[in-house]
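In full-length UniProt numbering, the protein residues as written are 1 to 117.
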């Protein structure tokens, strides 16, 4: 029953995010709105981490499988993207470097904040 409740919270917030995004015609995908809602509820302690930990750990542990459909779709449209591969590679490299830099700075900030009394 605990796992069912965790799934209900996570996918319920996903559905609410989709509903908000569609209803308000937001330029953000509903899944992102759902993640923002989940983050806000966790920060406000309305939802505790322990309430979603089991399903969250399972989903994170199997995260690579969620990228398979996107990879297959990319390979299916290989011919349509013939002239764009260099640009896609450059964009992937640049965004990876930016993401790594931002993540490192955030972790440093959090570690400094945690070490202060």
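Virtual Cβ for every residue (Gly too), placed ideally from N, Cα, C.
Residue i: buried (16+ other C-beta within 10 angstroms of its C-beta) or exposed?
i, result
"residue 6", "buried"
"residue 52", "buried"
"residue 97", "exposed"
"residue 10", "buried"
Residue j and residue i - do their beta-carbons sit closer together than 9 Å?
i, j, result
"residue 33", "residue 18", "yes"
"residue 22", "residue 30", "yes"
According to DSSP, simplified to helix, strand and coil, what is residue i?
i, result
"residue 55", "helix"
"residue 2", "helix"
"residue 41", "helix"
"residue 89", "helix"
"residue 18", "helix"
"residue 62", "coil"
For residue i and residue j, I'd like the C-alpha separation in whole angstroms.
i, j, result
"residue 54", "residue 3", "7 Å"
"residue 69", "residue 38", "25 Å"
"residue 80", "residue 41", "42 Å"
"residue 60", "residue 67", "12 Å"
"residue 101", "residue 25", "32 Å"
"residue 46", "residue 1", "20 Å"
"residue 82", "residue 43", "44 Å"
"residue 50", "residue 36", "18 Å"
"residue 74", "residue 62", "20 Å"
Taking 8 Å as the cut-off, does the CB of residue i come closer than this to any heavy atom belonging to the ligand GDP?
i, result
"residue 99", "Of ligands this structure carries none, so the ligand GDP is not represented either."
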